[in-house]
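>
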Amino acid sequence: MTYSIAQAAERSGLSIDTLRYYERIGLVDPPARDSGGRRSYSDDDLSWLEFLTKLRTTGMPIRMMREYAQLRHKGLATAGRRKQLLHEHRTDVRQRIAELQACLAILDYKITNYAEIEAKMAGETLVQEVSA
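Note that UniProt numbering numbers the sequence shown so that position 87 is 87, with each residue one more than the last.
#1: Suppose you measure from the CA of Gly36 to the CA of Ser4; what does that come to, to the nearest Å?
#2: Please tell me whether Arg33 and Ser40 are closer than 8 Å, where the distance is taken between their beta carbons.
#3: Here's the rule: buried if 16 or more other CB atoms are within 10 angstroms of the residue's CB, otherwise exposed. What is Tyr109?
#4: Does the Cβ of His45 have 16 or more other Cβ atoms within 10 Å, making it buried, or fewer, making it exposed?
#5: For the alpha helix (DSSP H) containing Ser12, list its first residue and its last residue.
#6: Report, in whole angstroms, the separation of the C-beta atoms of Arg66 and Leu27, which I expect to be a contact under 8 Å.
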């Protein structure tokens, strides 16, 4: 199946401008063109866009994504380097997750603390109202 740039943008969650940018910097191969000269994306193109989106979501720099894309074009001989890039990035992602979990623990502590303060204040207010 083929998709227009608007359909590819909608399905990938990327903007049309981002698709064109990715094409311009070499992250995405120039898609096929239809008889009218308009970009025509394939299911394989959309799968690649989904992978790129995952890499961006996890914080991979564009520079590394470009290296990965260039290596991909060179075929299986580059599998080792591509694997190494993903290993390095996975280490960074795991460190980021650990940092976020520590931040989440602090937020949970603060929320619990404020809930206890509110409960205590509500109890004091109730005692004052009953005493009055």
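Backbone N, C-alpha and C define an ideal beta-carbon position, used for all residues, glycine too.
On the basis of the data shown:
#1: Looking up residue 36 in the sequence shown gives position 36. Looking up residue 4 in the sequence shown gives position 4. Looking at the two C-alpha atoms, the distance is approximately 11 Å.
#2: Residue 33 sits at position 33 when you count from the first residue of the sequence shown. Residue 40 sits at position 40 when you count from the first residue of the sequence shown. Against a cut-off of 8 Å, the Cβ pair of Ser40 and Arg33 comes out as a contact.
#3: Counting from 1 along the sequence shown, the entry for residue 109 is found at position 109. Its Cβ having fewer than 16 others within 10 Å, Tyr109 is exposed.
#4: Residue numbering aside, residue 45 sits at position 45 when the sequence shown is read from its first letter. Sequence inspection shows Asp at residue 45; the His mentioned does not correspond to that position. When all chains shown are included, Asp45 counts as buried.
#5: Position 12 of the sequence shown, counted from the start, is the residue given in the question as residue 12. Per DSSP, Ser12 belongs to the alpha helix (DSSP H) from Ile5 to Ser12.
#6: As a position in the sequence shown, residue 66 is number 66, starting the count at 1. As a position in the sequence shown, residue 27 is number 27, starting the count at 1. Their Cβ separation, rounded to whole angstroms, is 6 Å, which keeps Arg66 and Leu27 in contact under 8 Å.
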